[in-house]
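S.K.: Quick one: the structure is below, questions incoming.
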Amino acid sequence: MACQKQNDALTVVSLGGIHAKTQKETFYKPFMKQTQTSIVADSYNGGMAKIRSMIETQQIDWDVVQVETANLIRGCSEGLFEPLDTNLISNKNDFIKGNFSECGIGFFSWSIIFAYNKDKLLYEPKTWKDFWNIKDFPGNRGLQKTPMIALEAALLADDVKPEDVYTLLKTPEGVDRAFKKLDEIKPYIRWWEKGSQPLPMLLTGDVVMTTTFNGRGVIAQQEGKPVGLVWNDSFYDVDNFAIIKGSRHKKLAEDFIAFAVSSAPQKAFSEYSHYGFVNEQVIPLINPILLKELPNNPDVMRHAHKINANFWVEQGEPLERRFNIWASQ
Numbered sequence: 027m028a029c030q031k032q033n034d035a036l037t038v039v040s041l042g043g044i045h046a047k048t049q050k051e052t053f054y055k056p057f058m059k060q061t062q063t064s065i066v067a068d069s070y071n072g073g074m075a076k077i078r079s080m081i082e083t084q085q086i087d088w089d090v091v092q093v094e095t096a097n098l099i100r101g102c103s104e105g106l107f108e109p110l111d112t113n114l115i116s117n118k119n120d121f122i123k124g125n126f127s128e129c130g131i132g133f134f135s136w137s138i139i140f141a142y143n144k145d146k147l148l149y150e151p152k153t154w155k156d157f158w159n160i161k162d163f164p165g166n167r168g169l170q171k172t173p174m175i176a177l178e179a180a181l182l183a184d185d186v187k188p189e190d191v192y193t194l195l196k197t198p199e200g201v202d203r204a205f206k207k208l209d210e211i212k213p214y215i216r217w218w219e220k221g222s223q224p225l226p227m228l229l230t231g232d233v234v235m236t237t238t239f240n241g242r243g244v245i246a247q248q249e250g251k252p253v254g255l256v257w258n259d260s261f262y263d264v265d266n267f268a269i270i271k272g273s274r275h276k277k278l279a280e281d282f283i284a285f286a287v288s289s290a291p292q293k294a295f296s297e298y299s300h301y302g303f304v305n306e307q308v309i310p311l312i313n314p315i316l317l318k319e320l321p322n323n324p325d326v327m328r329h330a331h332k333i334n335a336n337f338w339v340e341q342g343e344p345l346e347r348r349f350n351i352w353a354s355q
């Protein structure tokens, strides 16, 4: 590590927990070694309030921030993030679809899949229709307490073609149809709100199937737990790096982001976390056994669906209100 003054260091802000640990080992340490610069790590809850406050008071303490796609879109439109140099990454064609936006670059991909307890079911579920089929797959279901994915999955379970899901959800009839489908399993739903919750719910028998983030499901399998994973019709997105508007270290921040999405750090990130890379130059470099367990597996990607973040930015608030009322009744 370089002996720089603290105010000369780059401050990179993650969502904490496993995110902070993984980024430290696979991004921060090798970047500091390569560039002889210093990184100060910080964390936040993913909300925009603190970033807005920094911009309003011109007390810019952060440089690079991890941000989910919907908040990236909102923050960019509000002027919270710096527009990125379009020439920062020269090999854009090597990256997964939808990885670049005006103010951010995706640095890892994740999927929402569903997991099931092999010890509790006689048959192996394979589709969202099976997730909804209480008769043949009896038991409770775990769902994240948010309309995102719940509504999309409900329509897939109701035989809507994947390419029509968001078009239908833009109509009152489509939203009604999704909630009507959710009504079918509502008595069996057990809600989760944190990513650490669904697998314990599954393993204790509180639920027999649950939606979950892919990395946690894969780790449970590697630990020998009786967990099956269904990747068919999974939903994926990326988490992004963005630069806070007014960052004092914009050039260094850009260099860090470019480094983080280059092939060696991307490979290390996926090996460490079991979440997906965004730079597909990693495919021939990574262990084929691990590749099968990542969202980037070409066989998985053929049947996976990108979460439409623009839809959720535009339609999210009324759907959240309706969903919360529905879930509380």
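Counting in this note's numbering, the sequence shown runs from 27 upward without gaps.
Ideal Cβ positions, reconstructed from N, Cα and C, are used throughout, including at glycine.
None of the values given here were measured: they were computed from a predicted structure.
In chain order, which alpha helix (DSSP H) runs of at least 4 residues are fully inside the region 310-341?
M.R.: Within the region 310-341, the complete alpha helix (DSSP H) runs of at least 4 residues are 314-317 and 324-327.
S.K.: What would DSSP say about residue 159, mapped onto helix, strand or coil?
M.R.: Looking up residue 159 in the sequence shown gives position 133. It is coil, neither helix nor strand.
S.K.: Between the region 221-229 and the region 195-206, do at least 3 Cβ pairs fall closer than 8 Å?
M.R.: Contact fails: fewer than three Cβ-Cβ distances are below 8 Å.
S.K.: With C-beta atoms as the reference, is residue 302 less than 9 Å away from residue 137?
M.R.: Here residue 302 corresponds to residue number 276 of the sequence shown, with the count starting at 1. Here residue 137 corresponds to residue number 111 of the sequence shown, with the count starting at 1. Yes, they are a contact pair.
S.K.: On the DSSP bridge list, what partners appear for residue 192?
M.R.: Within the sequence shown, residue 192 is the residue found at index 166, counting from 1. None, per the DSSP bridge assignment.
S.K.: What would DSSP say about residue 67, mapped onto helix, strand or coil?
M.R.: What you label residue 67 is simply residue 41 of the sequence shown in a count that begins at 1. Here residue 67 sits in strand by DSSP.
S.K.: Distance, Cα to Cα, residue 122 vs residue 131?
M.R.: Locating residue 122 in the sequence shown gives position 96, where the first residue counts as 1. Locating residue 131 in the sequence shown gives position 105, where the first residue counts as 1. Going by the C-alpha atoms only, they are around 11 Å apart.
S.K.: Compare the C-beta of residue 59 against all C-beta atoms of chain D and say whether one is closer than 9 Å.
M.R.: Of the protein chains in this structure there is only one, and it is not chain D.
S.K.: Just tell me which of 171, 351, 337 and 346 has its CA closest to the CA of residue 190.
M.R.: Numbered from 1 along the sequence shown, position 164 holds the residue referred to as residue 190. The candidate whose alpha carbon is nearest that of residue 190 is 337.
S.K.: Give me, in chain order, the residues of the same chain whose beta-carbon lies closer than 6 Å to that of residue 319; leave out the 5 immediate sequence neighbours on both sides.
M.R.: For the purposes of this step, residue 319 is taken as the residue at position 293 of the sequence shown. Answer for residue 319: 244, listed in chain order.
S.K.: In this structure, does DSSP put residue 74 in helix, strand or coil?
M.R.: Within the sequence shown, residue 74 is the residue found at index 48, counting from 1. Residue 74: coil per DSSP, three-state reduction.
S.K.: Any contact between the region 98-109 and the region 75-85? By contact I mean 3 or more CB pairs, one from each, below 8 Å.
M.R.: As far as the Cβ criterion goes, the region 98-109 touches the region 75-85, which means the pair count is three or higher.
S.K.: Apart from the five residues on each side of it in sequence, which residues of its chain come closer than 8 Å, Cβ to Cβ, to residue 152?
M.R.: What you label residue 152 is simply residue 126 of the sequence shown in a count that begins at 1. Correct list, in chain order: 256 and 258.
S.K.: Can you give me the C-alpha to C-alpha distance between residue 71 and residue 41, rounded to a whole angstrom?
M.R.: For this step, residue 71 is matched to residue 45 along the sequence shown. For this step, residue 41 is matched to residue 15 along the sequence shown. Going by the C-alpha atoms only, they are around 6 Å apart.
S.K.: Which residue marks the beginning of the alpha helix (DSSP H) containing residue 256, and which one marks its end?
M.R.: Working through the sequence shown from its first residue, we reach residue 256 at position 230. Unbroken run through residue 256 is the beta strand (DSSP E), 253-269; no alpha helix (DSSP H).
S.K.: When DSSP labels each residue in this structure, what does residue 172 get in the three-state scheme?
M.R.: Translated into the one-based positions of the sequence shown, residue 172 becomes position 146. Residue state, collapsed to three classes: coil.
S.K.: Might you give, ordered along the chain, the residues of its own chain that have their beta carbon closer than 7 Å to the beta carbon of residue 173, omitting 5 neighbours on each side?
M.R.: Along the sequence shown, read from residue 1 onward, the residue named residue 173 stands at position 147. For residue 173, where only same-chain residues beyond five positions count, the Cβ hits under 7 Å are 345, 346 and 349.
S.K.: Which partner residues of residue 141 appear in the DSSP bridge assignment?
M.R.: Within the sequence shown, numbered from 1, the residue matching residue 141 stands at position 115. DSSP lists 236 and 255 as partners of residue 141.
S.K.: Could you say if the region 86-106 and the region 266-278 meet the contact criterion of at least three C-beta pairs nearer than 8 Å?
M.R.: These segments touch.
S.K.: Return the CA-CA distance between residue 112 and residue 227, expressed in angstroms with no decimal places.
M.R.: What you label residue 112 is simply residue 86 of the sequence shown in a count that begins at 1. What you label residue 227 is simply residue 201 of the sequence shown in a count that begins at 1. One C-alpha to the other measures close to 44 Å.
S.K.: Any contact between the region 232-239 and the region 161-169? By contact I mean 3 or more CB pairs, one from each, below 8 Å.
M.R.: Yes, they touch.
S.K.: If residue 36 and residue 279 are in contact, beta carbons under 8 Å, what's the gap, nearest whole angstrom?
M.R.: Here residue 36 corresponds to residue number 10 of the sequence shown, with the count starting at 1. Here residue 279 corresponds to residue number 253 of the sequence shown, with the count starting at 1. With 8 Å as the limit, residue 36 and residue 279 qualify as a contact, their Cβ atoms being about 6 Å apart.
S.K.: Contact defined as beta carbons within less than 8 Å: I believe residue 139 pairs with residue 52. What is the distance between those atoms, to the nearest angstrom?
M.R.: One-based indexing of the sequence shown puts residue 139 at position 113. One-based indexing of the sequence shown puts residue 52 at position 26. Contact flag wrong, Cβ pair sits at about 23 Å.
S.K.: Apart from the five residues just before and just after residue 30, which ones in its own chain have a Cβ nearer than 6 Å to its Cβ?
M.R.: Within the sequence shown, residue 30 is the residue found at index 4, counting from 1. Here residue 30 scores only 43 on pLDDT, less than 50, and its place in the model should not be relied on; the value that follows carries that caveat. Taken in chain order, the residues that qualify are 64.
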